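>
Protein chains: 4
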Amino acid sequence: MIIVMNRGASEESISSVCERLEKEGFIIHLSRGVERTIIGAVGDKTRIDRSNLEALPGVEKIVSILQPYKLAGRDFRQEDTVITIGDVEIGGNQVQVFAGPCAVESWEQLIESARAVKEAGAKILRGGAFKPRTSPYAFQGLEEKGLQLLAKAREETGLLITTEVMDPRSIEIIAHYSDILQVGARNMQNFFLLKELAKIEKPILLKRGLSSTIEEWLMAAEYLMAGGNNQVILCERGIRTFETYTRNTLDISAVPIVKQLSHLPVIVDPSHGTGKWQLVRPMSQASIAAGADGLMIEVHPNPSEALCDGPQSLTPENFTVLMEDMRKMARIMGKTL
Amino acid sequence: MIIVMNRGASEESISSVCERLEKEGFIIHLSRGVERTIIGAVGDKTRIDRSNLEALPGVEKIVSILQPYKLAGRDFRQEDTVITIGDVEIGGNQVQVFAGPCAVESWEQLIESARAVKEAGAKILRGGAFKPRTSPYAFQGLEEKGLQLLAKAREETGLLITTEVMDPRSIEIIAHYSDILQVGARNMQNFFLLKELAKIEKPILLKRGLSSTIEEWLMAAEYLMAGGNNQVILCERGIRTFETYTRNTLDISAVPIVKQLSHLPVIVDPSHGTGKWQLVRPMSQASIAAGADGLMIEVHPNPSEALCDGPQSLTPENFTVLMEDMRKMARIMGKTL
Amino acid sequence: MIIVMNRGASEESISSVCERLEKEGFIIHLSRGVERTIIGAVGDKTRIDRSNLEALPGVEKIVSILQPYKLAGRDFRQEDTVITIGDVEIGGNQVQVFAGPCAVESWEQLIESARAVKEAGAKILRGGAFKPRTSPYAFQGLEEKGLQLLAKAREETGLLITTEVMDPRSIEIIAHYSDILQVGARNMQNFFLLKELAKIEKPILLKRGLSSTIEEWLMAAEYLMAGGNNQVILCERGIRTFETYTRNTLDISAVPIVKQLSHLPVIVDPSHGTGKWQLVRPMSQASIAAGADGLMIEVHPNPSEALCDGPQSLTPENFTVLMEDMRKMARIMGKTL
Amino acid sequence: MIIVMNRGASEESISSVCERLEKEGFIIHLSRGVERTIIGAVGDKTRIDRSNLEALPGVEKIVSILQPYKLAGRDFRQEDTVITIGDVEIGGNQVQVFAGPCAVESWEQLIESARAVKEAGAKILRGGAFKPRTSPYAFQGLEEKGLQLLAKAREETGLLITTEVMDPRSIEIIAHYSDILQVGARNMQNFFLLKELAKIEKPILLKRGLSSTIEEWLMAAEYLMAGGNNQVILCERGIRTFETYTRNTLDISAVPIVKQLSHLPVIVDPSHGTGKWQLVRPMSQASIAAGADGLMIEVHPNPSEALCDGPQSLTPENFTVLMEDMRKMARIMGKTL
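Order-wise, the sequence lines are chains A, B, C and D. For the first sequence, full-length UniProt numbering gives the first residue as 1, with consecutive numbering after it. For the second sequence, full-length UniProt numbering gives the first residue as 1, with consecutive numbering after it. For the third sequence, full-length UniProt numbering gives the first residue as 1, with consecutive numbering after it. For the fourth sequence, full-length UniProt numbering gives the first residue as 1, with consecutive numbering after it.
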């Protein structure tokens, strides 16, 4: 940690910062420049709240040197984390596609989607039972009934299932039915939810928040890991920018960055990331080409009748074409699908 | 609602959109332009999910005409909502200042802050018992112990108290101790939390999300109101932009905009909005000058020892000066403090 | 164009808007809803300034239906524009790589870069002679001397050359030396520059502005085309967002979007788009996979000695590897390189 | 400057960075931490391009300690810069209002606006003769004819005049007619324009770019000052964010920040900053309350007939009311108007 003192900070201020740091166990390196004094503090940053130091008299700014996350970082673990559920591996050599409808609406809609997903070669079915909606007047999901339908679809197709959890009180029931629990973008910093999810023994798919930096995203993963759950899958799903043509701006550069900073698997959701089904195929290709470990794709048997997110859903036919393309793309990346 | 059809959309697509709209109870106005056909749909938009229409063949885009919120809007209620707790009015002619430490740390720290707040003339004490922290290794709050200290400080000073709620499971206990319950920026779209808070009979202070549009913010208020709780206070606390000099960019224009679109009271938090105590005074002045109904200010007896948000906290002395300035500013706005 | 009137707009306001529109040659469709009246105006929007209508009494908002660009749009020209210079085609079946140093620094540096670029298989040499720099104290380019070195490098290698133009007064001389003229992100809306470039007969590479929407970018292309220059190559180079890990956020979704909305070729600059050489390769792959017509890559014989943008420049060795990868990627996209 | 080395950077890399820095005249302070080595470099940062260092082997990141601007900074000049033109002072105790139409359209429109501006008590008339327009089909200004009308209006009213310059080739003629030359948001980093404007002896009003950080804005001022023109007035005019309700997000916090970092005067343009005339009054009040040295306000005798920016223009009546309010606001800030 580097503490930059104000121009003309008094000797008293400088000593007082140094004393404080030494009290916290840091080793101090003092650099006196022509204009400013700079204090280098070597030690474990997690032991002090950097913002307190900023409030000390004479301090201009604090610069962190080490990353604030530990368990989620490459420094902690060099090799890639591979999450294994039955014969499905996430983060390894296999590109995994999570596909299915935005929301579970009925048995017919779900099973038709599930069969299409299965036939096209994907191994994980997605579907929302509890839905976060901007409007209180929009469809909020089938709740437990939806979970039961998902479980039944798993039984019929052999697909793994993943569904979103939004409320700490629903973790138990969702964990009962689902193979993977998904934390949505709006809940990426719902710390109480994360702390509870840290205690269960199922993988967590952690979506990046709408306006979260990569560092904040990895810190949310750190909440899960610090609490005991190392099975974290990261999912880039678009960030909020000034551009209004797309629902969000899909930040594909997050894929190679996360691969560099962290050992956790990272997938991309081009359906939410763009909000337009016509962009799903090119952005899926781009994601795999950038090194993503998988994709999350919305598929609906009849997008124009969908109770949610119709415009970004693929038909089963389009999904089949997409899977063909992804197979080729996986191959030149040295992976399989 | 306006449905813009693609250039060259077939007659079949056009009729199919019209039929769908009529089925949903809309009245249709068809405009055939040289290049595109446009369908005007008059009726209650809350009855249809606009995104489904976007997925119909031939549809290029949907344009909403009416605001998606009802109860939170000025159209629904012309006069300003004034929330009354004892002799404190929020949203009326009195500028209200919510002040106190970021987090409750100890009885001494809290009561010293509370006395300073009281002496300077503010009527509402803020203080966090449950704290949302980016890092799992940072101080997470005193939890129920903190609530008890807040209640004790209310007893000693007569100040009202407000504190943050982050978890549906803590609503009952927080509502037991606190006069106003605060929803933080990260939870603005935690819809399960909002639905539960809609059922209680205490005012809710709803902070704007880091990257929430004003419309989404009012929709979050709509969740509370649609569920039965009309006592909503909005709080602008800065949005996330590309500028890194400040912690957030305080969007003061949100104040007159909310006043125009909604009847709800709106206050401003320049402490979080800027992250720097030196900016708190000018931005407080600007907020009142823009028409804000109040302010939320972090005050700490010793900012450099604070367990959270020290750099943006005022000392009791600086807070007293700020209150003097606010009194003058309130006066020229035709209000009191 | 749709004009949405205020709730309770008077009959007088409504007629006055209609009259104004009719005067401008629009055909009017009136829809009276329960809450609001909506006026559809069919005709040529380019003939009226939409913002004036917004200032008429009773008008709440104006919604555009047609795209504001004509010549740059797919509606105007269905087939892809292919720009041909000698045997080099941009926008066709060949993926084109523009490569070279950020700035021309010396003959040795330039020719070494150019040879590396040539050997690796690229056909266009980039290099800045006039450099836009945030600081007045940074290296500003070799100016005409740099242009002469570029021309000499073309002679020796047979590569085409492209360089940036920032000032209308330098167009003539730059057009004299360079095969393609580049407009940088900071000048995308330098309308005087665009108007002058519209008059020359060389292709223009138009970078997307730091915070330009795709529509504004296409409108900048429209300036060139409306003035007579149809040889426009668009270049996505990253937009400004809240994320600070990368220099910019490379918006790869812009590639398929531009391909949909426009017939112009679009390339991607992952060097500026990320600011980090380690991200150049994965983002180049992603760009080609998303359908880009080419890439712009910074290559420097000795990045740590570069006078500008060293951290985002590839060494000749790394560039050679990248070109190998791009060849494979082009192949599965049905293109050549 | 602080150079943070990679975890496990070799001794060779460390020495090579140190040598490079010493060669450039820096004094070196080495701190060896458990995980990383940090190199403090004391000296004149303007002498080295920081980005080259980032490209050296083993370097993880560079952290600047000193601000990159010199002449524009408070460190260089402690007291406020006051710009004096005749009896008008900008940056001193007088709040200055620059007002007038977006574009000069005709003599009648201009003189009517000018008289209204004058009567309401403002001293500086604004009006565009050369207009930057997103669309090539929109009104582009009366050009020299417009300048002549402005000069004639000055003669009739005694107001100072300010108008925008967009092209280095027009500087001479605009400087001939205008008292203050304005650089628009889109040209804030048009460095060739800035370099030429640095050579003239008239004050420059420098608008903040749409997505410029405060540091980049001060660096643009530095271009003017480094070239010899110290008469720089900064103008905050809104930044681009995700919020679409307003045309831009007016960043009022930029006012106290600039006052802290720089000695230059800073004014605010709430007309462009919001795009809506209804927001101009509250945001003007907020600007003065935050410490702004003045305002730039669009006034048009008939906003709905304006050839540009009608919706954000005040009528003369509304402007008169605004000036009354500003007078009161100036008074409590200890200033006059």
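The beta-carbon is built from N, C-alpha and C at its ideal position, and this holds for glycine as well. Treat the numbers as computed from the prediction; the structure is a model and nothing was measured.
Whole angstroms is fine: what's the gap from C102 (chain A)'s alpha carbon to I85 (chain A)'s?
Approximately 23 Å between the Cα atoms of the pair.
> Could you name the residues of chain B that I134 (chain A) contacts, counting a contact when the two beta carbons are closer than 7 Å?
The residue you asked about is not Ile; residue 134 (chain A) is Thr in the sequence shown. Correct list: E216 and M219.
> Is the distance from the Cβ of V321 (chain B) to the Cβ of A292 (chain B) below 8 Å?
Taking 8 Å as the Cβ cut-off, V321 (chain B) and A292 (chain B) do not qualify as a contacting pair.
> List, from N- to C-terminal side, the beta strand (DSSP E) runs of 3 residues or more that fit wholly inside the region 192–267 of chain A.
204–207 and 232–236, all fully within the region 192–267 of chain A.
> Flag this pair as touching only if the region 247–260 of chain A and the region 102–111 of chain A have three or more C-beta atom pairs under 8 Å; answer yes or no.
Because the criterion of three Cβ pairs below 8 Å is not met, the region 247–260 of chain A and the region 102–111 of chain A do not touch.
> I'd like the span of the alpha helix (DSSP H) that includes I27 (chain C), first residue to last.
Taken as a continuous stretch (DSSP letters only), I27 (chain C) belongs to no alpha helix (DSSP H), being part of the beta strand (DSSP E) at I27 to R32.
> Got a sec? Which residues, its chain only, sit under 6 Å from P57 (chain A) by beta carbon, not counting five neighbours each side?
If we look at P57 (chain A) and ignore the five residues flanking it on each side, its Cβ neighbours are S13.
> From C18 (chain B) to F139 (chain D), what does the alpha carbon distance come to, in whole angstroms?
Using only the alpha carbons, I get a separation of about 39 Å.
> Counting only C-beta atoms, is L66 (chain D) closer than 8 Å to chain A at any point?
By this cut-off, L66 (chain D) is an interface position.
> Is there a Cβ of chain B sitting closer than 8 Å to that of Q189 (chain A), yes or no?
Closer than 8 Å: yes.
> Going along chain C in order, which residues have a C-beta closer than 8 Å to the C-beta of G25 (chain D)?
Simply none; closest approach about 15 Å.
> Report the option in A:S287, A:T37, A:S10 and A:V42 whose CA atom is closest to the CA atom of G25 (chain A).
When only C-alpha atoms are compared, the closest one is A:V42.
> Looking at L53 (chain B) and E222 (chain B), is the spacing between their C-beta atoms short of 8 Å?
No. Outside cutoff.
> Using DSSP with H/G/I as helix, E/B as strand and the rest coil, what is F130 (chain A)?
F130 (chain A): coil per DSSP, three-state reduction.
> Going by DSSP, what residue range makes up the alpha helix (DSSP H) through E324 (chain C)?
Here the alpha helix (DSSP H) through E324 (chain C) covers P316 to I332.
> Following the continuous beta strand (DSSP E) through V4 (chain D), name the residue where it begins and the one where it ends.
I2 to M5 is the span of the beta strand (DSSP E), which, as asked, contains V4 (chain D).
> With the cut-off set at 8 Å, would you say I2 (chain D) and I2 (chain A) are in Cβ contact?
Yes, these two residues count as a Cβ contact at 8 Å.
> Under DSSP, the alpha helix (DSSP H) around Q285 (chain B) begins and ends at which residues?
Its alpha helix (DSSP H) spans residues V280 to A289.
> Residues bridged to F139 (chain A) by DSSP?
Beta-bridge pairing links F139 (chain A) to no other residue.
> What are the boundary residues of the alpha helix (DSSP H) that Q148 (chain B) is part of?
Q148 (chain B) -> alpha helix (DSSP H) spans E144 to T157.
> Taking one C-beta from the region 86–97 of chain D and one from the region 144–151 of chain D each time, how about it: are there three or more such pairs within less than 8 Å?
No, the region 86–97 of chain D is not in contact with the region 144–151 of chain D.
> What is the DSSP secondary structure of I171 (chain A), reduced to helix, strand or coil?
Three-state DSSP puts I171 (chain A) in a helix.
> Considering just the uninterrupted stretch of the beta strand (DSSP E) at L160 (chain D), what are its terminal residues?
L160 to E164 is the span of the beta strand (DSSP E), which, as asked, contains L160 (chain D).
> With a CB to CB cut of under 7 Å and the five nearest residues on each side skipped, what residues in its chain are close to M225 (chain C)?
Around M225 (chain C): L71, A72 and V232.
> Report the partner residues of K61 (chain C) according to the DSSP bridge assignment.
Partner(s): C:V4.
> On the DSSP bridge list, what partners appear for E298 (chain D)?
Beta-bridge pairing links E298 (chain D) to D:G100.
> Rounding to the nearest angstrom, what Cα-Cα distance links Y69 (chain A) and R36 (chain D) in this structure?
The alpha-carbon atoms of Y69 (chain A) and R36 (chain D) are separated by roughly 16 Å.
> Determine the DSSP secondary structure at V88 (chain D), reduced to helix, strand or coil.
The answer is strand: DSSP assigns V88 (chain D) an E or B state.
> Take every Cβ of the region 128–143 of chain A, pair it with every Cβ of the region 161–170 of chain B, and state whether three or more of those distances are shorter than 8 Å.
Flag = no, the region 128–143 of chain A and the region 161–170 of chain B do not touch.
> Have a look at B:F319, B:G146 and B:M5 and flag the residue whose alpha-carbon is nearest the alpha-carbon of S271 (chain B).
Per the Cα distances, B:F319.
> Which one of A:I28, A:R126, A:P301 and A:I90 has the shortest CA to CA distance from L337 (chain A)?
L337 (chain A) has its Cα closest to that of A:I90, out of A:I28, A:R126, A:P301 and A:I90.
> Taking the alpha carbon of E317 (chain C) as the point to measure from, which residue in C:M296, C:A254, C:N302 and C:R331 has its own alpha carbon closest?
Comparing Cα-Cα distances from E317 (chain C) to each of C:M296, C:A254, C:N302 and C:R331, the minimum goes to C:N302.
> Rounded to the nearest angstrom, what separates N6 (chain B) and T213 (chain C) at their Cα positions?
Their Cα atoms are separated by approximately 21 Å.
> For a contact defined as C-beta to C-beta under 9 Å, what are the partners of E305 (chain A) on chain B?
Near E305 (chain A) (Cβ distances below 9 Å), the residues of chain B are N52 and A55.
> Taking 8 Å as the CB-CB limit, is L250 (chain B) close to chain D?
So yes, L250 (chain B) belongs to the interface.
> Under 9 Å Cβ-Cβ, which residues of chain A neighbour K328 (chain C)?
Within chain A, the residues near K328 (chain C) are I332.
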